[in-house]
């Protein structure tokens, strides 16, 4: 007999790891500049940005770039808040999203308070868009802390560069170390990036510019075989499934 799943609610996204209390309304008067800054970033980016308010359990601000928000307007997404996840994340992934939320924030809360602002959390999840769904990369970083917990979080959404769902990355800015959590194995593991040499950086940059392997080989004065071997080495180094994902990770982790 098929097991019937109980419907999820907004409260399922919250527990002691992200419960914020005692924020007065005056504190919200000082964040208008943050909204304006995010909207400015949106105008020069194809990413979607929004702010989670863990105190009011809603979305404090949503940028006007609804590409990855199921085609809805920023105003509608802000009105929906956490209900957006319940309606636009596929039912079979909602439990996973809730687990990601709890596990990542639990680990984050154990970090030294002075280091927390330098971290971001990253994972892939599907978003329903009309009659299909798209896989997106969702990133979250602290915007405002309160008593060591995230009060406001800045989130961004962009196209996923691999097909992996259910692996959570927690990375410190300007660090060669990152940790990831596998929901299948229920454990955190550390992964370290090696520093890229000049040739490796140039191969990445020429690939970003759209140069072929032959054109890249001419630019770096190496054979095509050598360039292919270097690209394979970079895939392994970054634990990437394809070179598009490797480029994404190199840019995301500031390796270039």
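In my numbering, the protein residues as written are 5 to 260. For glycine and all other residues, C-beta sits at the position ideal for the given N, C-alpha and C.
Collapsed DSSP secondary structure at residue i in the structure displayed
i	result
residue 4	Outside the shown range of the chain (5 to 260) lies residue 4, about which nothing can therefore be said.
residue 181	strand
residue 126	strand
residue 225	coil
residue 172	strand
residue 150	strand
residue 20	coil
residue 8	Reliability of the predicted coordinates at residue 8 is poor, the pLDDT of 43 falling under 50, and the value obtained from them is presented with this limitation in mind. Correct three-state label for residue 8: coil.
residue 162	strand
Closest residue to residue i among the options (Cα-Cα distance)
i	options	result
residue 156	147, 162, 256 and 253	147
residue 42	240, 106 and 78	78
residue 19	139, 104, 138 and 39	104
residue 235	258, 209, 257 and 256	209
Nonlocal neighbours in the same chain, by C-beta distance under 7 Å from residue i, ignoring five residues either side
i	result
residue 181	194 and 196
residue 249	165 and 166
residue 6	With a pLDDT of only 41 at residue 6, under 50, the local geometry of the prediction cannot be trusted, and the value read off the model is given with reservation. So the list is empty, once near-sequence residues are dropped.
residue 212	251
C-beta contact flag for residue i and residue j at 9 Å
i	j	result
residue 60	residue 128	no
residue 112	residue 84	no
residue 207	residue 238	yes
residue 65	residue 82	yes
residue 144	residue 125	yes
residue 99	residue 17	no
Neighbourhood of residue i by C-beta, 6 Å cutoff - its chain only, sequence neighbours within 5 removed
i	result
residue 183	174, 192 and 194
residue 152	117
residue 161	52, 72, 140 and 142
residue 109	21 and 22
Quick one: complete beta strand (DSSP E) runs, 3+ long, within the segment 48–81?
Taking 3 residues as the minimum length, the beta strand (DSSP E) runs contained wholly in the segment 48–81 are 52–57 and 62–66, in order along the chain.
Contiguous alpha helix (DSSP H) assignments of at least 4 residues, all confined to the segment 224–259
Along the segment 224–259, the alpha helix (DSSP H) occurs as fully enclosed runs of 4 or more residues at 228–241 and 247–256, listed in sequence order.
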